[in-house]
Amino acid sequence: MPRSFLLRTSSPVLVGRSEELEVLVSTVPRRSTVVMIEGEAGIGKTRLVDELLAHPEVARLKVLVGHCQPLREPFPYGAVIEALRSLAATRLHRVSPVAGALRPLLPELADLLPPQPEPIGDPHAERHRTLRATREVLAAIGPAVLVVEDLQWADDGTRQLLRFLMADPPPNLSVVITYRREDLAGHLPLGTAYRPPDHVAGILLQLRPLDVDAVRVLAAAILEHEPVSEEFADRLHERTAGIPFVVEELLRSLHGTAARLPDEVEVPVLLRDAFADRLAGLPDLAHRIVHAAAVLGVPAGDEQLSVVAGIDPEHAELALIQLARAGVLHETRPNRYGFRHVLAQQAVYDSLEGPARRQLHLAAIDALRGTEPPPLVQLAEHSRRAGRRTDWLRYGEEAADRATEVGDPAVATGLLQQLLAEPDLPTREVDRLATKLGSVAYAGLDQHDPVATLDGVLSDHRLSTAARGEVRLLLGRLLVRQSGRITEARQTIGQAVDELAERPDLAARGAALLGTTFIGDTPLAEHLPWLERVEEYLRSCDQPEIRFSLLANLLGSRLSIGDPDVLSDLTALPTTVESQAERRQLARTRCNLADSCTTIGRFDQAREFLTSGIRLAAEAGSPFVVSTARSTEVRLDWYTGNWSGLTDRATRLLGEYRDLLPVASELSLVLGLLAIARGEWPAAAEHLGRTGVHSPADAITPIAIGGFAGLARMWLAQDDLAAASAIVERGLQLVRRKGVWVWAADLAPVAVSTLLVTGRVAEAGALTDEFAAGIAGRDAPLAQAALSSCRGEVTGDPEHYRSAEASYRALDAVYFAAQAAERAESRDLPALADWYDVLGATRDAARCRHDLRSRGTPAPSRRGRRGYGLELSPREQDVARLVSQGLTNREIAEVLFLSPRTVEQHVAKVLRKLGAVSRSELGRITG
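Take the sequence shown: its letter number 912 is residue 894 in my numbering, and every next letter is one higher.
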């Protein structure tokens, strides 16, 4: 057999990466680790991973490996699902029912997984359940390492799943990913910035080309007994740029001797010539098989390779044996053969003459066309490369549609962009493809940068004016969701409305967005003309889907500003509809009305609208509507005192919807208000800072005003009058600019209190009058109750507080009712204190008991006293929680209205009972 067949495929030893391997081996087997290995093609990422997995300390772990492919069919979570398939013979230790969500994706594990849970109906929630199920399974397999190679080709689902896993990996799991940064969209491997959590080791390895010395060692290892001179190593380094794979392939072309290197040429040319030289010693049938493999572009079976190559299966099998022995093709998995590296595949592909390539692509089309289901992405690519333009356009659009259906927007986006790059497309086709691309970008919540995609569509000069307006409207709607871009969104939507003269239905939708009253600091007077334009269009609109879409914005906006006619106009609003599209828009309408009812204080109606709206949204598969409804429900539960488990629920939802401004800011508001009730000042400041108070022009206005109110209450509680005054002024400035006093229900009372405590009595009275005038004639029961509180503050008359208490109780706003009862000098402060305890408002409970002590009245707990032994008493639990928040003894004393000495004693007891030796350790235990 020729010596070239016996030459090593690669170096028998790892060269130039010993330090990196040592770092990995010293960490991965010992603790949960996240490893990110980046480097250009051929730099040795896979070789380093292979060496890691082969090391004795790592080999005892369960190893799961998945690969991302450059020419892949739509399949969310593809690489991770591939890795999980290897668990077919693994015993899972106690997984919860949620793990059954993986059954449709992993039929191979049906015997191991619980039954598939019932559908949720919300695609976002279904997706999150799949993420949880994956983590659950990985946590149940014992010590393991998950490897995902070539993340630059990953689908959005795989990136999202890896983000989820790497944000909080199970203690038994390490994750290793490899990628080429230069081929990543946005140069972020996971789609967003990533930082490992504190309890996880994080390793970032950036592999660089080998230096001359390392190239010489590599050459000597491959050539074995051949001497390698410094001159030869220097020239080899110069020709190959120090890329290990190129070094290996070039040396193979030298037939195992340190012969004269070729003159200066590009690296791809070197590889092409190296492979041509290696194939020269193989028979023609082997050539035809390797050419077929290069054209197919993905690992293929022997039958498919034989069809494309045009030879019978027996000869194909013999050729594959020869190619495997020669190290040209490798069995990537059972009966799937491909190249060791994409550079090798590209080198062989580039060596083919144009007509030969075209014939092979045509043969690939014939071979793949009968596959079930048809691999549309591959058929599209082969048609494009074969010059079959009609087939390319047909298969490409079908593949994009399929990718959209299965939730793989990255594939759909790439295909539609390629299709639009075709010259001489008729305007009709350009418009259809462009609006599809716009819809994919708008709906793809997990994509890296859908705004850039839409900008790219709008730059196409072939678009008709109406199609351009439709895409621009989608862009504006997308910008509304993104933090800091509402002003830009309004400008974009306004331009879209001008372009949509031929599409009055879409123009009306744009007008409805511009008329949406609760976004940004645009004055109400500027919204109203747009709302009137929508009402004018609705008078002649007889299409239910469009009507409901417009009503969702129109009715929600009008109700949110206290329009007294809205609720009486809702009698004709149906509870059920026929089509999915109508159902989706009716769900938006009801959920928007629920949000507006929550804002103005119609809590019973809010609950009714939420119940029907969430049901409709789940049936229609509308994740964004469900997400907004869930955050509305959290705020409604805050107002109505349903606080049990509310912090955990809001935190979990915030983790799911952190990137959606309307949802994240509302959840942050509730978390901040809950923290204030517990005296957790750092947490309160952090959450309330994310409600839009720093950028009101880009905020959800009622939420930002609520954020100002919360911050003012927090600063007043800490006796920081300067900070409270400053934040009140900013909040009132937003209310006055907007011109909607209905939204000041939370802000007005604390603003009046701040003015009074700082000696600005006349201003407090004027503000109360201004508030009263602003809500006059409005449907605003929450604001009316707040007005009674303001009058009680200004006059000192307990009757106003009693009126406020009665109004709040009528609304079921129990927390505000209790506070009004306090201000009315209720004689039943012990009952109030106990009620605050049950609610979870521990600071309010401590304040009530402090007031009782200051009056010389004992403050017995209605729960009675008992010995707690080694358990923490309720007071010790409060102290432990505040210690974990980082508060000092003096700060805890101020929160709980205790003496520092008493707090010191409580802290000592907590440390002793929990076995902690320091406050920091206590924080870790309780956190």
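Ideal Cβ placement from N, Cα and C applies to all residues, glycine included. As the structure is a prediction and not an experimental result, all values here were calculated from the model.
Straight-line gap, residue i to residue j (C-alpha atoms, nearest Å)
i      : j    : result
R(-1)  : A196 : 9 Å
K891   : V861 : 10 Å
A788   : L618 : 19 Å
L703   : W697 : 7 Å
D406   : E131 : 38 Å
V(-3)  : R322 : 18 Å
C573   : L714 : 28 Å
T372   : I468 : 41 Å
V324   : A611 : 47 Å
H430   : T174 : Because the pLDDT of H430 is 46, which lies under 50, any placement of that residue in the model is unreliable, and the number read from its coordinates should be weighed accordingly. If you take the alpha carbons of H430 and T174, they lie about 7 Å apart.
P731   : T683 : 18 Å
V479   : A694 : 40 Å
D32    : L278 : 26 Å
F(-13) : A301 : With a pLDDT of only 35 at F(-13), under the threshold of 50, the placement of this residue in the model should not be trusted, and no figure is reported.
R111   : A83  : 7 Å
E230   : P355 : 39 Å
A768   : A786 : 7 Å
R366   : G637 : 42 Å
E299   : A345 : 19 Å
G466   : E662 : 28 Å
R384   : L397 : 11 Å
E55    : W135 : 12 Å
R816   : G747 : Per the sequence shown, residue 816 should be read as Asp rather than Arg. Each residue's Cα considered, the two are about 34 Å apart.
R351   : L361 : 7 Å
D284   : T633 : 52 Å
For residue i, the first and last residue of its enclosing alpha helix (DSSP H)
i    : result
T736 : L729 to V739
Q188 : Not the alpha helix (DSSP H): Q188 falls in the beta strand (DSSP E), residues A183 to Q188.
A708 : L703 to K720
E668 : W663 to L670
I293 : No alpha helix (DSSP H) contains I293, which DSSP labels as neither H nor E.
D545 : From DSSP, D545 is part of no alpha helix (DSSP H); its letter is neither H nor E.
Y783 : P780 to L793
T777 : P763 to T777
E481 : I468 to E481
C911 : One cannot answer for residue 911 here, as it falls past the ends of the chain, which runs -17 to 909.
Helix, strand or coil at residue i [DSSP, three-state]
i     : result
R315  : strand
Y913  : Shown here, the chain extends from -17 to 909; a query on residue 913 therefore has no answer.
I687  : helix
L350  : helix
L455  : helix
I501  : strand
I658  : helix
G(-2) : coil
A646  : helix
F585  : helix
F214  : helix
V17   : strand
F879  : coil
G396  : helix
Residue from the options with nearest C-alpha to residue i
i    : options                   : result
Q327 : Q341, A274 and E354       : A274
R454 : L537, G492, V885 and P79  : G492
A806 : G774, E379, V182 and L821 : G774
L66  : R85, P79, P56 and R76     : R85
I123 : L144, F146 and N154       : N154
L35  : G583, E55, V516 and V7    : V7
R660 : R529, G688 and E873       : E873
L200 : Q562, H219, Q464 and R414 : H219
I222 : S441, P780 and R254       : Per the sequence presented here, residue 222 reads as Thr, with Ile not at that position. Of the listed residues, the one whose Cα sits closest to T222 is R254.
V516 : L495, D503, L445 and L598 : L495
Range of the contiguous beta strand (DSSP E) that encloses residue i
i    : result
G48  : K44 to H49
V158 : L155 to Y161
E131 : A126 to E131
Rounded distance between the beta-carbons of residue j and residue i, thought under 8 Å
i    : j    : result
I225 : I25  : 6 Å
T673 : S647 : 5 Å
L749 : V734 : 6 Å
V119 : V77  : 6 Å
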